[in-house]
Amino acid sequence: MTTRYFGEPIRRNEDPRLLRGEALFVDDVQLPGMLHVAFVRSDFAHGRVNSIDVSGALDVAGVVAAYTAGDLGDLWRPGPLLVPPPPTIERLTFNERTQVPLAKDKVRHVGEPLAVVLAESRYAAEDGVGRIFADIEPIDAVVDLESALAPGAPLVHDDLGTNLMAHVIQEKGDYAAVRDSADLLIARRLHYDRGTAAAMENRGVVADWEPRGRLLRVWDTTQAPIPLRNGLAAMFDLGQSEVQVIAPFIGGGFGPKIMMFYPEEVIVTWLALKLARPVKWIEDRRENFFATTQERGQIHDAEFAFDKDGRIVGVHDVFMHDAGAYAPYPLTVPINSSCTLLGPYRVLNYYTEFKAAFTNKPIVTPYRGAGRQHGVFVMERMLDLAARELQLDPVEIRRRNFLVPEEFPHHHEIIFQDFKPLIYDSGDYEPALDKAVEMIGYREFRAARAAARDGDGDGDEKRAADDPSADGRLRGIGVVAYVEGTGIGPYEGARVSIEPSGRVNLATGIGTQGQGHQTSFAQIVADQLGVHPSDVRVVTGDTREFGWGTGTFASRGAVVAGNACQTAAEAVRAKVLELAAEELEVAQDDLVLEGGKVFAKGAPQISIELGELAVKANPLRGAVRHGTEPGLEATSYFGPESGTTASGVHAMIVAVDPETFMVEIERYVVVHDCGRVINPLILEGQIVGGVAQGIGNAFYEQLVFDDQGQLLCPSFMDYLLPTATDVPRIETAHHETPSPLNPLGIKGAGEAGAIPVAALFAQALEDALGLEGFELLEIPLSPNRLFELVTAHRGGGQAGDGSARENHPANGDTPVPEKYPPNGDTP
Amino acid sequence: MKPAPFEYKAPATTDEAVDLLAEHGWDAKLLAGGQSLVPAMNFRLAQPAVLLDLNRIDELAYIRTVDSAEETGSTGSNVAEGDGGGGAVGLRIGAMTRQAALERSAAIAAHSPLLAAALPYIGHPQIRNRGTIGGSIAHADPAAELPAIVVALDAELTIRNSEGERRVAAAEFFQGLFSTALGPNDLLIEVDIPALPAGTGWSFQEVARRHGDYALVGVAATVRLAGDVCEAARMVFLSVGGGPVIASNAEASLVGQPLDERRIGEAARLAASEDIDPVNDIHASVAYRRHLAEVLARRALHEAGARARSGAGA
Amino acid sequence: MHQRLTVNLVVNGETYERDVEPRILLSDFLRHDLGLTGTHVGCEHGVCGACTVLVEGEAVRSCLMFAVQVDGRQVTTVEGLAPNAEELHPLQEAFWESHGLQCGFCTPGILLSMVPFLESNPDPSEKEIREALSGNLCRCTGYQNIVDAVQRAAAGQAAGGATPEAADVADEPSRRDGGDEATAGEVPA
């Protein structure tokens, strides 16, 4: 091959349609006679449903029908368990409770659907919702994670007798045995609170049943079209070939759209079948804050043992995980937390235990990072505290603990989310650290600040000219490292075909939510078939085009589907060469596949177009040789033995106004290793976008619930997504250690950007504030929270022990003494 | 998130609007820029029976400058209250003037730099392209910039109903949370902003979570200096009470005193502890808001004082 | 029966007439009554900016206007940006080159916000671009490539790369329906 597209920063195939406003999103589907749906949702987080009277809605102009759980008959049953607990974990308790299509006897979170209204327009459907009366008797809500597991707590699921969803213990080495020999023990409680993915496109479902053709078509904003098809077929007693699920262009996924059998998916499909009319439901932004799954609530009690040189002797981490009201996707997030905590470090003795609790809050399923953030936060914060205690540079303590290349593959001896032992395939962390340190100017920053702070002994009055705090703001720097388990199984597939027109088609089951699959997969195929990537028509997420696969999650699309595209394209290439060799009477080894044709090496006039070969491969008369297949087409599957391990180092310089606690990120550097890169433009976009979400998670976004489970910020006015003025320019560099686990050497990248940001943010802020003994052990932070923590610290106590969390300003009294910090003279 | 049904009327003149108001009273809601009302309607928090759209009333969209001396003589209004000498220029702004038009206006930049300084803090360009000065004032959101600015500038608001017209000082117009001097039949038609007396410096300070968000705390301040002595001071906060909050204690502590570090600090402390009445919300506690108020008051007084000294103010 | 009113308007140069309930939001009207689904709806409370369109050349949030309010007005949506089926608007081209979009859901609103911005500020700084973008949320890109795309478009504009069609879009005679001094007859002091 002379031209190689793999690795090239080519612009995306999908963009012209998106830029012109011509791409099809679910809400763009318009069908004749379509009805629109709105849901009656619970106002209470926890309550008994006495009765629901829908009769008022039926009088509203435009309303066609209204239904409650009682109308669903046999369809009313809890949804399936999407991922069972890993059978490979021995010490595991699990209580299964999954969501129902419409609440019947009890509501368990605000926004849980109670009834559905069908109308000629969404406007009329909402008019109908306003006329439905639900008599609900409120019960004390289970909101706070710690009290959820305390004796005597109200029960989310009465029949369970407990709010415990799962209890898991995993161990490596023997922490108890090494603990006593450690030189330094550090124990802390760390909090990580809830956020939401907030994809710009809310969810939506359009269902249409064509009884004559016996075809149920469902357009759905799903990241898992094929499992959704299979599930709907089973649920409604249809053949899988009678159901077509289409995930068209999706306006961002980030995890919650992998969740399946959301109540709305079941109800909208049921209505379309029942009425034989197309039915549409488009989630609005307010609904999205309750009806789409969320993530992040955990409380960790960590104890780390170090030797005197800062090397980790052992780690003991016990945490609580907030599952929300139901757990269809139960253990992925907390297991990721357990596993990702280990990071790029040598941890020979590890005890990890978690208890997951049902609470009266929206359901928790993976959201970009999927629990990995929490693990990284614990590890990185504890390393910082140890560095401080041992008077080591934070960069140095990381370097001392890194696994080195000779230690790969590295067995961690615990079980990962894919049920398999956690094994790092490859990695080389120190060069990435060096690169990040160099790019951010770490040593220069430290030197300049040391000079400024020690310059004249009193620090505040006169500052050196190059003092990073010359404008009255305090600067701080941070560097953190992380690994990310990516590219897990079970498998994905792809079908590559060449049409008589010469056009190349690629179909895969994996949907796309903006990751550029229509381009990166095309690049892989283009290289094999000697065409330009823009000549490859890629179809993703249409079950009639490709019917096998699992979905887009766990940073696995490029790894798993990408390699399936590669092997399918290789198979078609082989067919092309075999047939061309026959046609041209040239040995296969002497053939070149380039520019849409096959020609003889050194004799380009002896050639045949791909389209012509496709015609010859599919003759209308004559006979196809026994044992061969017609056409230039191949389907292939790739199932990795285990997941790949991507890694990276992020660094940041932050500036904080010591009076207002407003924060600006001035520099942000990412050095990332995701193995071999298909398209650097797309990869960088993934990383930068991930960092932006991490910044939101660290400083802007928080789902604040009151003590009765009411969400206090269900709008974009109060749930603060970072804007263009909040996200800095992000400088990236790559370090490649190809994965040995797949032919292309790829590791996943989708979630990486988001994972370490919170840990980094806390580290850099602590460094900026420069307060003796001041620790940031919770996320998200905010200017208000920083003020509270700093004030409490100055008042003599450390409010970072988590107790202050219960004293969110929205809950009334704040724990802050009515005493102002001195004006700006932060030490 | 779709609005409930309503009856829509779009008067083309102020007279027509006033007549419609007289007919519908509290049943009617006035639609100006719609940047606060329409979200409330989409959430169905507001479900007016009748919507009176003011956007077709071209005669309510204007920015006019008035010579203070002439104005005093011709209308007897107090637009040019103060010394008014040296060709001080006041402004008359029609209630339906878009915030974007204010932002683009050379007259506003020249004659009301404090108002000009506050405009970029209002939402985003798309918001300011629709939002109007009258709509923002009549809505009286305690976290909004324009109510505090018009109080700080001692503006007068002209209100019309079917009985006639009246003028209300901005400081009397705001009567608590989302509550104003406007009755059911009243239409706010004009905002008159007097020229700042010579020797007056100004400052606008605001802290918000993100660019364009409602303020956690904001303050508009003016100080008039004679030499080093403060002759008059105005400090009006936003987001720390039921409406624009005048820091009377702090203002009083400054008048007749040299505007020095100590007195600025004292005034800022007084404002934060005595004058304002903030509440907790999910973005800021009472304590943090008081703290910010003190910081911003200090910064505002410093900046306003510096402008007064350098003649860069009024 | 709810009140219905007739709306006459010009969208992307084409005249439309429809009877609508006055409560129909401009965003829904464009998408569902006119079939112009390129305008996207992300929050319906005026924060995300996905639904931004031009009304009389000015960027506004179409979820915060009623269709009846644009009676007699000119509206431009994303479908009206590209000069023809082959070429893109220079700003669209710049977004493509700079990888300024991922899922593309917020993109139409961002394009429509940036067209008048670049008209009024042809040589913006990065800070000005970011402030101009701050009323549009994007959850995928981290904004960096969007900023780069706007810079690229500005540079192309400066180099005379803007197509005449592109200039037309933002140069439509602006009938500002409120408060411009030029039309409101400012009395000089």
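Residue numbers (the numbering used here), protein chains in the order written: chain G, 458 to 1284; chain V, 630 to 943; chain A, 48 to 236. For every residue, glycine included, the Cβ atom is placed at its ideal position computed from N, Cα and C.
So who's on the other strand from residue i, going by DSSP bridges?
| i | result |
| --- | --- |
| G771 of chain G | G:A762 |
| A644 of chain G | G:E760 |
| L720 of chain V | V:T694 and V:I822 |
| H1287 of chain G | With chain G running from 458 to 1284 in the structure shown, residue 1287 of chain G is simply not present. |
| L488 of chain G | L488 of chain G is not bridged to any residue. |
| I589 of chain G | Its beta-bridge partners do not exist; DSSP assigns none. |
| S1064 of chain G | G:F1056 |
| G778 of chain G | It should be noted that the sequence gives His, not Gly, for residue 778 of chain G. DSSP lists G:Q755 and G:A813 as partners of H778 of chain G. |
| I739 of chain G | G:G661 |
| N790 of chain V | V:G793 |
Between the C-alpha atoms of residue i and residue j, what's the straight-line distance to the nearest angstrom?
| i | j | result |
| --- | --- | --- |
| T62 of chain A | N55 of chain A | 7 Å |
| V486 of chain G | V940 of chain G | 40 Å |
| P634 of chain V | H49 of chain A | 7 Å |
| F866 of chain V | I176 of chain A | 30 Å |
| P823 of chain G | E1208 of chain G | 11 Å |
| N552 of chain G | N507 of chain G | 27 Å |
| K731 of chain G | D665 of chain G | 10 Å |
| G805 of chain V | T124 of chain A | 41 Å |
| T997 of chain G | V1126 of chain G | 33 Å |
| G85 of chain A | W831 of chain V | 45 Å |
| E918 of chain G | N745 of chain G | Because the pLDDT of E918 of chain G is 37, which lies under 50, any placement of that residue in the model is unreliable, and the question is left without a value. |
| E173 of chain A | Q198 of chain A | 8 Å |
| R932 of chain G | G719 of chain V | 44 Å |
| V613 of chain V | R927 of chain V | This structure cannot settle anything about residue 613 of chain V, because the visible part of chain V is limited to 630 through 943. |
| A1225 of chain G | M1109 of chain G | 11 Å |
| A1018 of chain G | I945 of chain G | 11 Å |
I'd like to check one pair, residue j with residue i: are the Cβ atoms closer than 8 Å?
| i | j | result |
| --- | --- | --- |
| G826 of chain G | S958 of chain G | no |
| Q556 of chain G | P785 of chain G | yes |
| V1145 of chain G | G189 of chain A | yes |
| L237 of chain A | E126 of chain A | Not covered by the structure: residue 237 of chain A. The range shown for chain A is 48 to 236. |
| G971 of chain G | C187 of chain A | yes |
| R727 of chain V | N758 of chain V | yes |
| V564 of chain G | F501 of chain G | yes |
| H1073 of chain G | E1040 of chain G | The sequence given here has Lys at residue 1073 of chain G, not His. Yes, the pair counts as a contact, with Cβ atoms nearer than the cut-off. |
| A202 of chain A | S160 of chain A | no |
| G950 of chain G | Y1094 of chain G | yes |
| A1057 of chain G | I1065 of chain G | no |
| Y886 of chain G | L849 of chain G | no |
| F779 of chain G | T749 of chain G | In the sequence as presented, Phe is not what sits at residue 779 of chain G; that position holds Asp. No, these two residues do not count as a Cβ contact at 8 Å. |
| V663 of chain G | V821 of chain G | no |
| A1011 of chain G | P801 of chain G | no |
| L685 of chain G | M717 of chain G | yes |
Contact residues within the region 1112-1128 of chain G, judged by C-beta distance below 7 Å to chain V: E1116, T1117 and M1119
Do the region 1147-1166 of chain G and the region 489-496 of chain G make contact, defined as three or more Cβ pairs closer than 8 Å? no
Three or more C-beta pairs below 8 Å linking the region 1218-1230 of chain G and the region 835-844 of chain G: yes
Mind the definition here: the region 677-692 of chain V touches the region 631-650 of chain V only if three or more C-beta pairs lie below 8 Å; say whether that holds. yes
Proximal residues, the region 805-825 of chain V versus chain G, C-beta separation under 8 Å: none
Contact set between the region 861-875 of chain V and chain A, restricted to residues whose Cβ is under 9 Å from the partner: none
Taking any Cβ of chain A, which residues in the region 469-484 of chain G have a Cβ under 9 Å from it, in chain order? R469, E471, D472, P473, R474, L475, L476, R477, G478, E479, A480, L481, F482 and D484
The region 758-774 of chain V touching the region 658-674 of chain V, judged by at least three CB pairs closer than 8 Å: yes
Does the contact criterion of 3 or more C-beta pairs under 8 Å hold for the region 1180-1190 of chain G versus the region 1077-1092 of chain G? no
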